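Following: one structure in structure tokens, then a few remarks.
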């Protein structure tokens, strides 16, 4: 379904992005919905995931993205699908692209009329 942000960039995503705030970063979701309620330390979860503490900490702090590798690890250890984690990351990345510094430049781009070009 098409969604529009204030940046006028149209997207076709299966979920609606928030209009007035960034979506929740997957690291925040991880910390608030899993680490805290389960009573885990970041070091314990890092060991369970087979990743370094700095890698996990950077994700939780929102300074690092959830990669497919990390999503698979989170899925295996916490039970949420890899698609769930990658979807959160995609929403975060897309919202920031649509509302970041490049959005004005992207909005000035002109679509290529499809009927004037052959894609054979």
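Residue numbers (this note's numbering): 405 to 524. Virtual Cβ for every residue (Gly too), placed ideally from N, Cα, C. Because the structure is a prediction, the values reported are computed rather than measured.
Using beta-carbon positions only, say whether residue i and residue j come within less than 7 Å of one another.
i, j, result
"residue 496", "residue 478", "no"
"residue 426", "residue 492", "no"
"residue 498", "residue 486", "no"
"residue 460", "residue 450", "yes"
"residue 453", "residue 470", "no"
Could you check where the alpha helix (DSSP H) with residue i kicks off and where it finishes?
i, result
"residue 508", "507-511"
"residue 474", "472-482"
"residue 430", "430-434"
"residue 462", "457-464"
"residue 498", "486-503"
"residue 448", "446-453"
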